[in-house]
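J.: Structure provided below as structure tokens; questions to follow.
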Amino acid sequence: MNIAMVLDLVADTLGDRVALSDAGEELTYGDLRRLARATAAQLRTLGASTLAYADVNSPGVPTALFGAAWAGAAYAPLNFRLPAEALRAQIARLDHPLTVTSGALAAQLTEVRPQPAHDWLDALRRSPDAPATTYDAEPERPAVVLFTSGSSGTPKAALLSHDNLLSYILETVEFAGAGPDEALILAAPPFHIAGVAAVLTSVYSGRRIILLPAFTAGAWLELARSQGATHAFLVPTMLARIVQEMASDPDLGVPTLRSISYGGARMAAPVLEWALELFPEVSFVNAYGLTETSSTIALLGPEDHRLALASDEPRVRRRLESVGRPLPGVEVSVLDESGSEAPTGTTGTIRVRGPQVGGTYLDTASSLDEGGWLTTGDVGHLDPDGFLFVEGRADDVIIKGGENLSPAEIEDTLLRHPAVLAAAVVAVPDPEWGESVGAAVVVAGPGEDLREDLLAWVRGALGSLKTPTRLEFVDELPTTATGKILRREVRRSLASPAPP
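Just so we're on the same page, the numbering used here is the position in the sequence shown counted from 1, plus 7.
Spelled out as structure tokens, the structure:
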């Protein structure tokens with residue numbers, strides 16, 4: 008099958024329904040199909056095997072995604088914020104690419120070769136309708152190529168097949184199931200798997216997509232209110248900034264909002280609890296997945312959130328810190344250090360298997376083992392009720408004197424202090440213990456006056472073993488474009504000699 012089928016079916020069924028809202032412009036599903044067909048015709052004429060998209064959220068995102076699929080080409084959304092040299096290196100790895108961007112960004116990409124086409128979407132709109140050709144039923148090339156964020160190393164180019172993506176869509180979304188008033192505000196960048204998945208699932212359900220080119224909390228709240236957004240996907244950094252903005256002005260709410268899905272990085276428990284209080288009528292969904300798994304593989308649903316928030320039972324309350332249960336069709340297991348299945352409640356390496364799991368990359372061999380399992384690189388455990396708890400990346404665990412310490416637990420404790428706005432905890436070298444706890448912290452107000460207070464706060468909650476031996480105050484934490492903390496940068500900063 009081909010993901011172009013998603014758009015084709017919806018355009019046949021709901022062709023006059025609005026598919027996209029972008030700065031006052033609206034496109035129907037019929038309009039979107041016409042643009043996708045025109046894109047496919049252009050790719051075939053030029054002999055391009057990959058459509059590389061280097062731009063913000065715009066109508067070009069679904070046009071490029073479905074147009075490439077229609078032509079049997081791959082869609083490769085690129086991080087346009089990267090330096091020209093890094094973009095050139097990524098484009099050079101793609102198979103016969105046509106790179107496209109907008110006029111606004113073309114000036115920033117003048118050093119990229121071959122020169123990106125900056126007027127391609129306007130040209131498509133002016134072109135006559137392309138013939139109603141059928142899409143390739145089983146294209147040999149991958150559907151999507153996504154360069155990983157590289158938060159802990161050199162980016163890899165993950166390949167996702169049509170079958171991977173369709174497996175995820177068909178297991179999670181009802182065809183044309185969205186009401187005519189439903190609208191998703193799309194803030195995730197195009198080059199993140201969440202952005203790809205949001206477009207595919209919204210189109211398949213018939214939900215209007217509200218495009219936000221660049222995220223700020225104020226811009227998100229304003230657009231969500233003015234466009235009547237009912238659904239949203241946010242990475243944790245975005246949600247944290249939104250609740251901070253709303254805390255300063257209670258009138259900034261979005262009365263039409265019904266559902267917030269979040270994922271892409273670990274959500275700090277204090278931020279989630281704050282958001283649940285500020286959006287009491289909104290359903291929250293925690294979606295855990297990876298680029299290689301075509302988005303979500305485990306989900307903590309709305310009822311789980313509210314039951315956990317209201318519960319006095321620690322076992323149930325702790326579910327707010329989990330990522331929920333695996334989706335239908337997805338198997339998740341946890342392995343101990345010996346490679347055997349870890350007992351319930353025991354921390355180990357998380358692995359996943361299922362039809363939506365890709366696990367293949369450009370230029371490298373598949374990451375799947377002989378049994379079809381993908382090792383995620385995350386560590387965590389399953390509780391007796393089947394809820395999955397992700398404790399962080401395997402290489403983020405702090406080993407102090409032979410004891411494994413979870414940065415997430417220490418970060419959440421710091422974030423519960425009323426003066427702390429953000430925190431990142433990493434391992435720092437220690438001549439006695441091998442590693443000890445280092446913390447970079449963003450606070451409201453002068454930091455140095457809070458140092459002893461924060462250390463005492465952690466010591467009182469977690470004990471001296473987990474208390475930072477080095478704590479530095481920073482104006483902001485280094486993050487990727489998708490909001491993940493760049494822990495290697497934090498480690499590098501904290502490993503250097505402390506300022507006098």
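Every residue, glycine too, gets a C-beta built ideally from N, C-alpha and C.
Beta-carbon separation of glycine 336 and glycine 490 under 8 Å?
T.: no
J.: Quick one: is asparagine 9 buried, meaning 16 or more other Cβ sit within 10 Å of its Cβ, or exposed?
T.: Answer is buried; the Cβ neighbour count reaches 16.
J.: CB threonine 46 to CB alanine 18, shorter than 8 Å?
T.: no
J.: Determine the DSSP secondary structure at arginine 360, reduced to helix, strand or coil.
T.: strand
J.: Which whole runs of the beta strand (DSSP E) in the stretch 215-240 are 3 residues long or more, in chain order?
T.: Listed in chain order, the complete beta strand (DSSP E) runs (minimum 3 residues) inside the stretch 215-240 are 215-218.
J.: Tell me the residue span of the alpha helix (DSSP H) that contains isoleucine 200.
T.: 200-212 is the extent of the alpha helix (DSSP H) around isoleucine 200.
J.: Please report the straight-line C-alpha distance between glutamate 189 and proline 453, rounded to a whole angstrom.
T.: One C-alpha to the other measures close to 44 Å.
J.: Given a cut-off of 8 Å, decide if leucine 428 and valine 450 are closer than it, judged by their beta-carbon atoms.
T.: For valine 450 and leucine 428, yes; Cβs fall inside 8 Å.
J.: Select from Arg498, Val242, Ala221 and Phe222 the residue whose C-alpha is nearest the C-alpha of alanine 294.
T.: Val242
J.: Relative to the C-alpha of proline 138, which candidate in Trp77, Ser56 and Pro287 has its C-alpha closest?
T.: Trp77
J.: Hey, would you say glycine 355 sits closer than 8 Å to aspartate 343, going by beta carbons?
T.: yes
J.: Measure the Cβ-Cβ separation of isoleucine 192 and tryptophan 227 and say whether it is below 8 Å.
T.: yes
J.: Is there contact between the stretch 20-38 and the stretch 213-233, where contact requires at least three CB pairs shorter than 8 Å?
T.: yes
J.: If you reduce the DSSP assignment to three classes, tell me which class valine 339 lands in.
T.: strand
J.: Taking 7 Å as the limit between beta carbons, can you name the residues of its chain near leucine 334, skipping five residues before and five after?
T.: Glu178, Thr179, Thr303, Ile304, Ala305 and Leu306
J.: State the DSSP-derived secondary structure class of serine 443, mapped to helix, strand or coil.
T.: strand
J.: Mapping DSSP to helix, strand and coil, what is phenylalanine 394?
T.: coil
J.: Give every residue of the same chain whose Cβ lies closer than 7 Å to the Cβ of leucine 493, excluding the five residues on either side of it in the sequence, and list them in chain order.
T.: Ser158, Pro485, Thr486 and Thr487
J.: Determine the DSSP secondary structure at leucine 101, reduced to helix, strand or coil.
T.: coil
J.: Secondary structure at serine 159, three-state DSSP: helix, strand or coil?
T.: In this predicted model, serine 159 has a pLDDT of only 44, less than 50, meaning its place in the structure is not dependable; the value taken from the coordinates is given anyway. The answer is coil: DSSP assigns serine 159 none of H, G, I, E or B.
J.: From arginine 24 to arginine 360, what distance separates their C-alpha atoms?
T.: 36 Å
J.: Tell me where the alpha helix (DSSP H) around threonine 420 begins and ends.
T.: 414-422
J.: Indicate the three-state DSSP secondary structure (helix, strand or coil) for valine 13 in the structure shown.
T.: helix
J.: Would a C-beta distance cut-off of 8 Å place isoleucine 357 and glycine 387 closer than the cut-off?
T.: Contact flag set, yes.
J.: Closest by CA to glutamate 398, which one among Thr383, Ala164, Gly408 and Gly225?
T.: Out of Thr383, Ala164, Gly408 and Gly225, Thr383 has the C-alpha closest to the C-alpha of glutamate 398.
J.: Considering Cα atoms alone, identify which of Ser345, Glu348, Ser301 and Glu280 is closest to serine 509.
T.: Not covered by the structure: residue 509. The range shown for the chain is 8 to 507.
J.: Below 8 Å, can you find three or more Cβ-Cβ pairs linking the stretch 229-242 to the stretch 308-326?
T.: no
J.: Taking three-plus beta-carbon pairs below 8 Å as touching, is the stretch 116-127 in contact with the stretch 89-107?
T.: yes
J.: Let me check you understand the geometry: is the CB of aspartate 370 closer than 7 Å to at least one non-hydrogen atom of the ligand ZN?
T.: As for the ligand ZN, it is missing from this structure, which has no ligand bound.
J.: Take alanine 276 and list the residues in its own chain whose beta-carbon comes closer than 7 Å to its own, dropping the five residues that flank it on each side.
T.: Closer than 7 Å at the Cβ level, and outside the excluded window around alanine 276, lie Leu327, Glu328 and Asp419.
J.: I'd like the list of long-range same chain contacts for serine 65, defined as Cβ closer than 7 Å, with 5 residues on each side in sequence excluded.
T.: Asp29, Ser109, Leu218 and Pro220
J.: Whole angstroms is fine: what's the gap from glycine 4's alpha carbon to proline 196's?
T.: In the structure as shown, the chain starts at 8 and stops at 507, and residue 4 therefore has no counterpart that could be examined.
J.: Run through the DSSP bridge pairs and tell me what isoleucine 176 is partnered with.
T.: The partner list for isoleucine 176 (beta bridge, DSSP) is empty, contrary to what the question assumes.
J.: Assign leucine 116 to one of two classes, buried (16 or more other C-beta atoms within 10 Å of its C-beta) or exposed (fewer than that).
T.: The C-beta of leucine 116 has 16 or more other C-beta atoms within 10 Å across all chains shown, which makes the residue buried.
J.: Under three-state DSSP, which class holds histidine 169?
T.: helix
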